[in-house]
Amino acid sequence: MSVPAEKLQFETISIILNRLGLANFKGQKGFTLDTQGGNIDVFGDNETGKTTLYDAFLWLFFNKDSSNRTAFNVKTLDSNGEALHGLEHTVEGTLNINGKPVVLKKTLVEKWIKKRGEAQKTFTGHNVLHWIDDVPVKEGEYQKYIDSLINEKLFRLITNPLYFNTQLPWQDRRKMLLEIVGDVSDEAVIASDVSLARLTEILNGKKTDDYKKIISERIRKINEEIKMIPPRIDELQRGIKNEEPDYSMTERLLVDQRSSLQRIEEQMVSASSVTKAFQAKQQQLNKLYGALGQKKTELERQANAGRDALIKEELRLTRECSDLAGEVSILESKKKLTQQEYETNGDKMAELRAKWGELNNKQFAPPGPDAKVCPLCHQDLPKQDWAEKVAHAREEFNQVKRAGLKDITEKGQALAAQNEELTEGLVLLEQQVAQKTGAKNDLESQLKAVKAKLDGPWDMASPESHPEYIAIQSQIDTLQAEIEQPADNRATELLEQKREVTREIERLNAILNNKEIRAKTVARIEELKQDERKKAERIAELEGHKFLLENFTKAKVSLLESNINSRFKTVTFKMFNTLINGAVEDCCEALINGVPFADANNAAKINAGLDIINTLTQHFGVSAPIFIDNREAITNLIDVEAQVISLIVSEKDKSLRVEPSEGKYAKIS
Numbered sequence: 147m148s149v150p151a152e153k154l155q156f157e158t159i160s161i162i163l164n165r166l167g168l169a170n171f172k173g174q175k176g177f178t179l180d181t182q183g184g185n186i187d188v189f190g191d192n193e194t195g196k197t198t199l200y201d202a203f204l205w206l207f208f209n210k211d212s213s214n215r216t217a218f219n220v221k222t223l224d225s226n227g228e229a230l231h232g233l234e235h236t237v238e239g240t241l242n243i244n245g246k247p248v249v250l251k252k253t254l255v256e257k258w259i260k261k262r263g264e265a266q267k268t269f270t271g272h273n274v275l276h277w278i279d280d281v282p283v284k285e286g287e288y289q290k291y292i293d294s295l296i297n298e299k300l301f302r303l304i305t306n307p308l309y310f311n312t313q314l315p316w317q318d319r320r321k322m323l324l325e326i327v328g329d330v331s332d333e334a335v336i337a338s339d340v341s342l343a344r345l346t347e348i349l350n351g352k353k354t355d356d357y358k359k360i361i362s363e364r365i366r367k368i369n370e371e372i373k374m375i376p377p378r379i380d381e382l383q384r385g386i387k388n389e390e391p392d393y394s395m396t397e398r399l400l401v402d403q404r405s406s407l408q409r410i411e412e413q414m415v416s417a418s419s420v421t422k423a424f425q426a427k428q429q430q431l432n433k434l435y436g437a438l439g440q441k442k443t444e445l446e447r448q449a450n451a452g453r454d455a456l457i458k459e460e461l462r463l464t465r466e467c468s469d470l471a472g473e474v475s476i477l478e479s480k481k482k483l484t485q486q487e488y489e490t491n492g493d494k495m496a497e498l499r500a501k502w503g504e505l506n507n508k509q510f511a512p513p514g515p516d517a518k519v520c521p522l523c524h525q526d527l528p529k530q531d532w533a534e535k536v537a538h539a540r541e542e543f544n545q546v547k548r549a550g551l552k553d554i555t556e557k558g559q560a561l562a563a564q565n566e567e568l569t570e571g572l573v574l575l576e577q578q579v580a581q582k583t584g585a586k587n588d589l590e591s592q593l594k595a596v597k598a599k600l601d602g603p604w605d606m607a608s609p610e611s612h613p614e615y616i617a618i619q620s621q622i623d624t625l626q627a628e629i630e631q632p633a634d635n636r637a638t639e640l641l642e643q644k645r646e647v648t649r650e651i652e653r654l655n656a657i658l659n660n661k662e663i664r665a666k667t668v669a670r671i672e673e674l675k676q677d678e679r680k681k682a683e684r685i686a687e688l689e690g691h692k693f694l695l696e697n698f699t700k701a702k703v704s705l706l707e708s709n710i711n712s713r714f715k716t717v718t719f720k721m722f723n724t725l726i727n728g729a730v731e732d733c734c735e736a737l738i739n740g741v742p743f744a745d746a747n748n749a750a751k752i753n754a755g756l757d758i759i760n761t762l763t764q765h766f767g768v769s770a771p772i773f774i775d776n777r778e779a780i781t782n783l784i785d786v787e788a789q790v791i792s793l794i795v796s797e798k799d800k801s802l803r804v805e806p807s808e809g810k811y812a813k814i815s
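Residue 815 is where the sequence shown ends in the working numbering, and the numbering goes up by one at each step.
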């Protein structure tokens, strides 16, 4: 968990260690590290207590060791690994804080209580005593004073060169670097590259991250719309597949035929001395022909409406099938992740069972012979005291063992309960996948049936078979028969001519009636093609915006990394990874001469850590002693703005030896 900059920022604080005394602390029965306020080198073989010095320093401030543990063994142990009782475990530090001497002291003591009716005292736990400048204070007051000096996380960052790169998650490292240098605004990035100038107008006040999401959504929607256009064009083109007739010629022929019909009818009237009744019938017949034509047009329009409905149904089913397929894919992904979590929990439970068995098999080992000697008078303890000491040790062992077994059992039960929930979740996901898949299959069957109807021959009922059409035609036939009663041989001839001309007029009218339908269809096809071109142009425009945003991100990466790296001398930071598709993702990786921190040698890592500490010290205005472990592997350290305590492995030194560094004196008492 990261600590915001406002919580790390303090007034300028300079902490220098003048003296550090240890008594019965982690095996150091009595040791004093006297630095005289300068840099020192501490030499010692492995297991001689070099790291214990840093543990003691951290415990003095924050009740933790160098591994960030509060539950670590402060006590001195005997040869069997058992804690020695009756000792006080003390760390005392003499510090120089902003030029003023301050003495901090902390002591861990055992609590022994003599219960009523018992001859011997019983060990009941521990107390930690605190002093500030030799004044006893309560734990809360002590910790409040420490907190007023420096934040714990910042303290670890500036006292351990490896803490920043090995203990902090990369997200926290990245956040801290950005808080130190400040982020780069979108306006500054655009101003840095003239090719990005158009982004100001394109963004129109929007954030770049928000506009990236808008572009992706718009491109997805337009692509879906484009996919629907070709099927609609194909359907319309199937309706006008025949060659287009010469409508001008048809109109001229129609005018000629109508003139011929008029002449024939005039001759028929003259030849048969048609009465007013004949004229009335003729007018009625004309009205019926008009009504018949209107009815035919209406019925054809209704038939085409049915086919249009099928096209709309096809588009709806296609869209819904796609949506269900996406939902099934999401559910399958959730199911896979749930199964992986279930299996991971199973592995953890297996590990817990093994740990439980291992701990359950541990047996109490009585203290060795050395424990029978009184640490104060060095005389053999009475048998009763020895037996009591063994009993206390056994009870303490059993308490630790029971607590450990209980903790493992509770963790296993929690994982088992979690797996039960995951199993129920898997069953539900299976049901949801089956349900969505079944629904998708049903829709696909419906879609297949609709497409089959559209692709097959369109069985449009002939208007002539409609009852209303037949009724009008029947009236026409009846009236026509009455009118066509020949008055003489001339009337019969004229009547036959009239029939032929009328049939031709009907044929020509049918051709011209199709002209408007064909023109509307062609216009609609062109409209769809133009819409397709516009949508394609819009996608190209949005892709251009997307390309600009990618260049923007790369420019921001360059500016941001440049700003951050300008704060350091030997280390640089890679703040972004470039993916295969050209996009970038956040990261935070320290580089030493271009080599990733994890791959560098120990000396390079330490110097990189010191470079980072220098920057943190300068930014937060806080400095404290830097403890460098495994210092023997480093020939030259970079200059730092704080006291340096080097812990150096030296096989010949079987006990700790201290020497001043850079000519400054260090004393061992």
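Heads up, the beta-carbon is just placed ideally off N, CA and C, and yes, glycines get one too.
- Shortest Cα-Cα distance from Q440 to any of P609, M721 and K751 involves P609.
- Between L241 and the set N226, S796, F207 and E264, the nearest pair of CA atoms involves F207.
- Ranking L230, G286 and P613 by CA distance to the CA of K175 puts L230 first.
- For I784, there is no enclosing alpha helix (DSSP H), as DSSP marks it with neither H nor E.
- For D553, the enclosing alpha helix (DSSP H) has its first and last residue at K529 to D601.
- Going by C-alpha positions, W205 is about 10 Å away from K251.
- DSSP places L625 inside the alpha helix (DSSP H), whose first and last residues are P613 to I629.
- In terms of Cβ geometry, L407 and I651 form a close pair [threshold 8 Å].
- Under DSSP, W258 takes part in a beta bridge, and its partners are F269.
- If the five residues before and after I618 are omitted, its C-beta is found closer than 8 Å to the C-beta atoms of L434, A437, L438 and K441, all from its own chain and listed in chain order.
- Ranking Q564, N432 and Q428 by CA distance to the CA of G492 puts Q564 first.
- Note that the C-beta distance between A511 and N226 is below 8 Å.
- Comparing alpha-carbon positions, the option among D392, I410, E473 and Q313 lying closest to V579 turns out to be E473.
- The segment 188 to 205 makes no contact with the segment 262 to 274, as fewer than three CB pairs between them are under 8 Å.
- Excluding the 5 residues flanking it on each side, D531 has same chain C-beta neighbours closer than 8 Å at Q266, in chain order.
- Membership of P377 in the alpha helix (DSSP H) is indicated by the continuous run T354 to R384.
- In the assembly as shown, T781 is an exposed residue. Its beta-carbon has fewer than 16 other beta-carbons within 10 Å.
- For L206, the enclosing alpha helix (DSSP H) starts and ends at K196 to F208.
- Secondary structure of K508 (DSSP, three-state): coil.
- Per DSSP, reduced to three states, the secondary structure at F766 is helical.
- Here T484 carries a helix assignment [DSSP, helix/strand/coil].
- At least 8 Å separates the beta-carbon of F310 from that of L300.
- F719 sits away from E731, with the two beta carbons spaced by 8 Å or more.
- Using a Cβ-Cβ distance cut-off of 8 Å, the segment 314 to 330 and the segment 773 to 789 are not in contact, since fewer than three pairs of beta carbons, one from each stretch, lie closer than that value.
- DSSP places E805 in the uninterrupted beta strand (DSSP E) bounded by R803 to P806.
- A direct Cα-Cα distance of roughly 25 Å separates L793 from D224.
- DSSP, read as helix, strand or coil, puts V717 in strand.
- Boundaries of the beta strand (DSSP E) around F177: F177 to D180.
- Considering only I726, S620 and D588, the residue with the shortest C-alpha distance to T464 is D588.
- In this structure, the CA atom of G245 is about 32 Å from the CA atom of A749.
- By the C-beta density criterion, F693 is exposed, having fewer than 16 other C-beta atoms within 10 angstroms.
- For the pair G550 and C733, the Cα-to-Cα distance works out to about 38 Å.
- If you look at N242, you'll find it in the beta strand (DSSP E) that goes H235 to I243.
- N747 and Q313 have their C-alpha atoms roughly 18 Å apart.
- In this structure the segment 163 to 175 lies against the segment 211 to 223, because at least three pairs of beta carbons, one per stretch, are closer than 8 Å.
- Secondary structure at H276: strand, using DSSP grouped into helix, strand and coil.
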